[in-house]
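Input: a single structure, listed below in structure tokens.
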Amino acid sequence: MTTLLDLKSSVLRQVQRSQSLRGRREPAASAASRSPLTHCPDPLPHGLSEGNGEFFDRMNGILQKQEKLLLAAQAECKRESGTAPPPPEHVDQLFVPERCSRRELDLIYEEAVYTVVNRVGVPSPDYVTSEEDIFSYLLKVFDMGQEEHDIILQRVQESKRASFTLRVSVMKGKNLMAKDANGYSDPYCMLGILLGQSPRETEEKKERKFSFRKKKEKLEKRSSTKEVLAATCIQVTEVKPETLNPVWNEHFTFEIDDVQSDLLHLDIWDHDDDVSVAEACKKLNEVSGLRGMGRYFKQIAKSVRSNGTSSGSSEDNVDDFLGCINIPLNEIPVMGYDKWFKLEPRSSASKVQGECHLILRLFTTKRDTTLSKRDSKEVIHKKMLSQILEYEHAQIQKELYNWNGQVSPPAWTVLSHHAVQIDLSPLQQAIIRWQCYSSHHRSQRMCYTLLLRLLRTIDAEWDPQAVRGDLEWQLSDSFRLYTEHCLCLMKSMRQVFPCTNRTAVTRCELMLRGVGHMQTMPAFKTVCPLRNELHLEIATVVKKGTAEWYESTISQFKPDEGTLEEQLRRLVQVVDAVCADVQRGQNIYNKLFYSTVKVDFFSIAYRQLEKLVADDVSVAMERVCGTLEQESSKLTQTMGETLFELYMSLKTLKRFREFLPLKDAKMLALTGYHNWFKTSIHKWLQIVHDKSCDRIRRAVDMDQLEPVQQAKHGSSAMDVTACFSQVREFWNQLAWPDSAGAFIFVTRLTDNFCSEAVLYSEIMKRKIERILPGRDIKTLTVQLCIALNNTEHVRVFLGCLPRDLDWQGVEHAMEESCGAEGKEQVNKALNGQLYNVDVDLQMEAKRLITYLTDKMLSELRRYLQHISLSPDSINNDEAVSPLMKYLNDTLAILRESLVKENLARVLLGMWELLLRMILDVVAENMGVQVEFYNRFQYTVEALVQFFYAEGEGLAIEDMKNHAEYKALDKELRLNKCSSFELIEQYFLEKISQQRTLKHTRFGRISVKCYYDASEQRLTVEILHAADLIALDANGLSDPFVIVELCPHHLFPMAKSQRTQVKLKTLHPVFDELFYFHVSPEQYRHRFACLTFTVMDYDWLSTNDFAGEAVAPLSDFCWPGRPNASATAGKTIQPTILHLARSKPSEKPIMRILDARTGDGEAQEFVRKLKEIEKSMEEE
1 MTTLLDLKSS
11 VLRQVQRSQS
21 LRGRREPAAS
31 AASRSPLTHC
41 PDPLPHGLSE
51 GNGEFFDRMN
61 GILQKQEKLL
71 LAAQAECKRE
81 SGTAPPPPEH
91 VDQLFVPERC
101 SRRELDLIYE
111 EAVYTVVNRV
121 GVPSPDYVTS
131 EEDIFSYLLK
141 VFDMGQEEHD
151 IILQRVQESK
161 RASFTLRVSV
171 MKGKNLMAKD
181 ANGYSDPYCM
191 LGILLGQSPR
201 ETEEKKERKF
211 SFRKKKEKLE
221 KRSSTKEVLA
231 ATCIQVTEVK
241 PETLNPVWNE
251 HFTFEIDDVQ
261 SDLLHLDIWD
271 HDDDVSVAEA
281 CKKLNEVSGL
291 RGMGRYFKQI
301 AKSVRSNGTS
311 SGSSEDNVDD
321 FLGCINIPLN
331 EIPVMGYDKW
341 FKLEPRSSAS
351 KVQGECHLIL
361 RLFTTKRDTT
371 LSKRDSKEVI
381 HKKMLSQILE
391 YEHAQIQKEL
401 YNWNGQVSPP
411 AWTVLSHHAV
421 QIDLSPLQQA
431 IIRWQCYSSH
441 HRSQRMCYTL
451 LLRLLRTIDA
461 EWDPQAVRGD
471 LEWQLSDSFR
481 LYTEHCLCLM
491 KSMRQVFPCT
501 NRTAVTRCEL
511 MLRGVGHMQT
521 MPAFKTVCPL
531 RNELHLEIAT
541 VVKKGTAEWY
551 ESTISQFKPD
561 EGTLEEQLRR
571 LVQVVDAVCA
581 DVQRGQNIYN
591 KLFYSTVKVD
601 FFSIAYRQLE
611 KLVADDVSVA
621 MERVCGTLEQ
631 ESSKLTQTMG
641 ETLFELYMSL
651 KTLKRFREFL
661 PLKDAKMLAL
671 TGYHNWFKTS
681 IHKWLQIVHD
691 KSCDRIRRAV
701 DMDQLEPVQQ
711 AKHGSSAMDV
721 TACFSQVREF
731 WNQLAWPDSA
741 GAFIFVTRLT
751 DNFCSEAVLY
761 SEIMKRKIER
771 ILPGRDIKTL
781 TVQLCIALNN
791 TEHVRVFLGC
801 LPRDLDWQGV
811 EHAMEESCGA
821 EGKEQVNKAL
831 NGQLYNVDVD
841 LQMEAKRLIT
851 YLTDKMLSEL
861 RRYLQHISLS
871 PDSINNDEAV
881 SPLMKYLNDT
891 LAILRESLVK
901 ENLARVLLGM
911 WELLLRMILD
921 VVAENMGVQV
931 EFYNRFQYTV
941 EALVQFFYAE
951 GEGLAIEDMK
961 NHAEYKALDK
971 ELRLNKCSSF
981 ELIEQYFLEK
991 ISQQRTLKHT
1001 RFGRISVKCY
1011 YDASEQRLTV
1021 EILHAADLIA
1031 LDANGLSDPF
1041 VIVELCPHHL
1051 FPMAKSQRTQ
1061 VKLKTLHPVF
1071 DELFYFHVSP
1081 EQYRHRFACL
1091 TFTVMDYDWL
1101 STNDFAGEAV
1111 APLSDFCWPG
1121 RPNASATAGK
1131 TIQPTILHLA
1141 RSKPSEKPIM
1151 RILDARTGDG
1161 EAQEFVRKLK
1171 EIEKSMEEE
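Residue numbers (UniProt numbering): 1 to 1179.
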């Protein structure tokens, strides 16, 4: 595991090491002239004169620029473009269909005229019935003159009339009448064409219903041929057994002699015998042929009778009649019938019910036109529709691109009649319409909704068996051309379908929806079997179009020209344009592509653009790194700003990878892009530090030490923290991904912040020192408060650095890469920096507080002197009042000017100052009257309440725990005591000290003490001593022990007693007994005690003091203690007392007693203690 220094060194070596960067790819020549549609904000200004934070404004502008760029890209995707038309859809001329020649147009015109002249069927209200109006329209469509029209019309009129055929599809019946015993019938249909009749016969026909079966006698009554109903090619369906809802789905055709007068007749019969009318009809048809035969119903009836069995009457085995339908051909609509017809009876006596579903359609079989003899009917109709579409589209006055393909009534009339006449099926019509509309769209764009609807029509009508040969090839070719056309548009979609144009985006969606629907169509899969991976073609086109767009962007900004710095600025513009494009792709295009054709547009475009950007930037950054690694190279400010801007642009681009699928988010080219900037970031941080220091100096110079708005700090503190915030935001926006590198940079940033904060406090202190002289106290106090608040404001900001710079994240990253030791090193390094700067700022704050409190010294001294000199006749309130008034006035200023934390600090400083000053006053007035100390005791208590300030100031507990308060309180309390009370306090302190002694170097003494309550006698047994200090030259001592009851004023009759002297030993054994008279009134005092003083006997001079110990009488004399009268006294465990040698003069009580020169007891007590202390000094 490396140390912190090794870690820093390794990171720096990585920074300085030249990196292997990718080379630039050659731009595609085909995209050089293309002008990209991009959103690029105006470049940020460079080269501004420094002052008032322009550097930080520009850096902040860089951060805001990235956000604004993305927001602008999002906004333009959501913005409605109003009525603005979409850009033109330029396509390759290969996709544009050829126009017909004049000769070809004349032939198509002839076909149209022939269609109009041979119209049949009942027109709907949507049709134009006036032949003159239709011809007038056709003249415009084909740009035909009247003379040419007359010639063609005459030729058509002289040509052969069209031959018509009726197609009848018998689909099904429902709710037929039951004729069999089982409740069902066995229905079949017999149908044919009844030839035309005279007007009189037509009227008679209305009064009766026809049938192909008549009773013999009725038929024989007819006197003329016309009265016998003739049939043309009578057809019969299959018999459907046992059903009342038969399904036939059979199709028949009949040649028509006269469309205006012929009639379709259909009978439905219940099949009842083996040989029926149906069989006879079929046999006759076999003999006579299926077409053009006229025969009489009498032949059919005879055939039935001759082939049937004659076990009954002639009518016994004839099929039962279920109903009939009569449809005049001249009542059939142009588009034919597709409906249910109600069955009718053949006479008023017949009972029938139910309906029959028929599909009827009239069409021509022989057309005498040039095109009909040369081309297929599909080709002819396609040519006619194409010409009409071209004319119709040209008539649209606005939004040509949005034409829905709806043609005028004359056009619809001509096209409908022509499609019906040439017998185009719905599928054929759908295919031809698709071919024509999609072909026309390639030259003159239309509404994509129409094209999608046409595709769905083909899908609905699709029958693969009905599409063979040329029609299949033509459909395949139309699919191919349309697909290639759409792919071409997709490649240029940023220009053709820009996100800024809502109409264009909608068209793009509809186009993609059409392509997506096409590739799922059975028709497409049938006619284009090899094109089953259209989504791969789309992905390839998107990739190619993205590359071309990028190259056009490169050619627009020309990042290879100019100086290195200029190249970097242009690269920034390129990357920003890419970011905006990626944003559009993610917001708009990706949703369109994925929802319609299942292509991930965003992934394809992003991976392509990210690779291209990485290639170009890496080449430029390789040159930058090479330049910066030279010893004489220095990063200029403008270059640093440009590199920072480039880094942020790349970071923005990289951030889009979060929208990629997991499989596409690996091995991206920008993964390690931050490594390109390591060297420049180090140098950039130095630039930021230098600019921050300059800004701090300017901020302090401009600070008038006046509160800013509602705050209590000055303008400089606000400016400094704003500067720090901007630098912090710069770092957060960098989001450095490498943990080791992030640790180095965070350490550097923290160090910069700390040094800048210390610089600020020092400059602020110097400013205060300059303004100290010549300012009035109130103004100076306010300014010092502002300066204090300034420092505190900066200190609080630094306290948030662990959170703002994400120290925890850095620690976690270092723990993962370097283990627990790495985490500990990070924590130690960063917290050490913060702790040191906090100490420095606290010291600067204390200096400012000292300046502030020093200005109060003279006033405070004067008021304290007033208290000390006040006569006893003045009560305490009056004596203290001037001081409290001054403090109240001062506190009002401080409370208004200081923040809470600084107010507490200043109040603490004032509290400490007053404690010291009062201590000095008391020390200067030792031995005076008790009233003097009572007054100052009152003063201290008043000050405690003042500084507590009803909970808004210092805590009472904190004030009373202050060492100087304790010293002053003790000093005042002791001075108020009598001499006896002081002596008693002295022994209480000795007893307390004795209890805390452990293994002192002065040795110990072992004793036994027990009390005889009945005789009020205290027995003291001095056993031995050990480890005494050597006080003689021979390294030994001649010890003896003096034992006495203390204090003497409590035991006035007790005399001190002493043991024998034990020569030359440090471990004497005494084993001597001593007796003292002690009453209960005496031993009940806490301060009553035995003192054991160990002395070294000196026969030439005074004895030397070896040490002393005390034992409170409460340990031996209190009720319940061992009784001396009992023999158990020998079983009492000895008490071991450690000896002490404290100097009495160090105690405040000694000073107080010594100052009481007029008190004999006090002087005597002091004299004895001084003798002991003197003996200690002579050793």
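Glycine included, every Cβ here is placed at the ideal spot set by N, Cα and C. On a predicted model such as this, the values are computed, not experimentally measured, just so you know.
Please name the residue, chosen from the options, that lies closest to residue i on a Cα-to-Cα basis.
i, options, result
"Leu158", "Gly196, Leu451 and Val113", "According to the sequence provided, residue 158 is Glu. The question's Leu does not apply to it. Measuring from the Cα of Glu158, the nearest candidate turns out to be Val113."
"Tyr606", "Ser618, Leu903, Ala577 and Ala735", "Ala577"
"Lys65", "Arg973, Leu1100, Glu811 and Gln733", "Gln733"
"Ser1101", "Arg374, Gln929 and Ser1175", "Ser1175"
"Arg480", "Met493, Cys356 and Leu530", "Leu530"
"Leu1137", "Arg1086, Glu610, His1048 and His999", "His999"
"Val921", "Gly585, Asp1154, Glu971 and Val515", "Glu971"
"Gln1082", "Phe947, Val944 and Leu1050", "Leu1050"
"Ala740", "Glu815, Met667 and Asp272", "Glu815"
"Pro1112", "Asp1154, Phe1087 and Gln686", "Phe1087"
"Leu982", "Trp1099, Lys900 and Phe1165", "Phe1165"
In three-state DSSP terms, what is residue i?
i, result
"Pro410", "helix"
"Trp434", "helix"
"Val746", "helix"
"Met1053", "coil"
"Asp42", "With a pLDDT of only 42 at Asp42, under 50, the local geometry of the prediction cannot be trusted, and no value is derived from it."
"Ser350", "coil"
"Asp1012", "strand"
"Val921", "helix"
"Ser416", "helix"
"Trp549", "helix"
"Arg34", "Low per-residue confidence applies at Arg34: pLDDT is 34, beneath 50, and the placement is therefore not dependable, though the value from the model is reported in the following sentence. Coil, per DSSP."
"Ser9", "Below a pLDDT of 50, predicted positions are generally treated as unreliable, and Ser9, at 46, falls in that range; the measurement from the model is reported next regardless. Three-state result, Ser9: helix."
"residue 1181", "For residue 1181 there is no data in the structure shown, the boundaries of the chain being 1 and 1179."
"Met190", "strand"
"Leu915", "helix"
Note down, in chain order, each residue of its chain lying with its Cβ closer than 7 Å to the Cβ of residue i, except the 5 sequence neighbours on either side.
i, result
"Arg34", "Note that Arg34 scores 34 on pLDDT, short of 50, meaning its location in the model is unreliable; the coordinates nonetheless yield the value given after this. The answer, listed in chain order, is Glu548 and Ser552."
"Tyr886", "Glu859 and Tyr863"
"Glu461", "Pro426, Leu427 and Ala430"
"Cys977", "Gln985"
"Ser438", "Leu451, Ser478 and Tyr482"
"Val826", "Phe743, Val810, Glu811 and Met814"
What residues in its chain sit with their C-beta under 6 Å from that of residue i, if we drop five residues either side in the sequence?
i, result
"Phe369", "Note that residue 369 corresponds to Thr in the displayed sequence, not to Phe. The residues are Glu110, Glu111 and Tyr114."
"Gly336", "Leu360 and Arg361"
"Leu471", "Glu378"
"Ala787", "Met764, Ile768 and Leu848"
Check whether chain D comes within 8 Å of residue i, counting only Cβ atoms and requiring the distance to be less than that.
i, result
"Asp600", "Among the protein chains of the structure shown there is no chain D, as only one such chain exists."
Beta carbon of residue i: closer than 7 Å to some heavy atom of the ligand NAD?
i, result
"Arg973", "No copy of the ligand NAD occurs in the structure displayed, which carries no ligand at all."
Looking only at its chain, what residues have a beta carbon closer than 8 Å to the beta carbon of residue i, apart from the 5 residues adjacent to it on each side?
i, result
"Thr546", "Ile604, Ala605, Gln608 and Leu609"
"Gln726", "Phe56, Met59 and Asn60"
Task: Complete alpha helix (DSSP H) runs within the region 99 to 123 (minimum length 4 residues, chain order) - done: Assignment of alpha helix (DSSP H) within the region 99 to 123, counting only whole runs of 4 or more residues, yields 102 to 117 in chain order.
- [ ] With a floor of 4 residues, list each alpha helix (DSSP H) that falls wholly inside the region 658 to 712, ordered by position along the chain.
- [x] Counting only runs of 4 or more, we get 678 to 702.
- [ ] Just list the alpha helix (DSSP H) runs in the region 1124 to 1171, keeping only unbroken ones of 4 residues or longer that don't cross its boundaries, in chain order.
- [x] Correct list: 1148 to 1155.
Task: Cβ pair count under 8 Å reaching 3, the region 828 to 844 against the region 877 to 896 - done: No, the region 828 to 844 does not touch the region 877 to 896.
- [ ] Taking 8 Å as the threshold, find out whether the region 1006 to 1024 comes into contact with the region 1070 to 1078 through three or more Cβ pairs.
- [x] Taking a cut-off of 8 Å on C-beta distances, the region 1006 to 1024 touches the region 1070 to 1078, as three or more cross pairs fall below it.
Task: Runs of alpha helix (DSSP H) lying entirely within the region 1053 to 1106, each at least 4 residues, in chain order - done: Runs found: 1080 to 1083.
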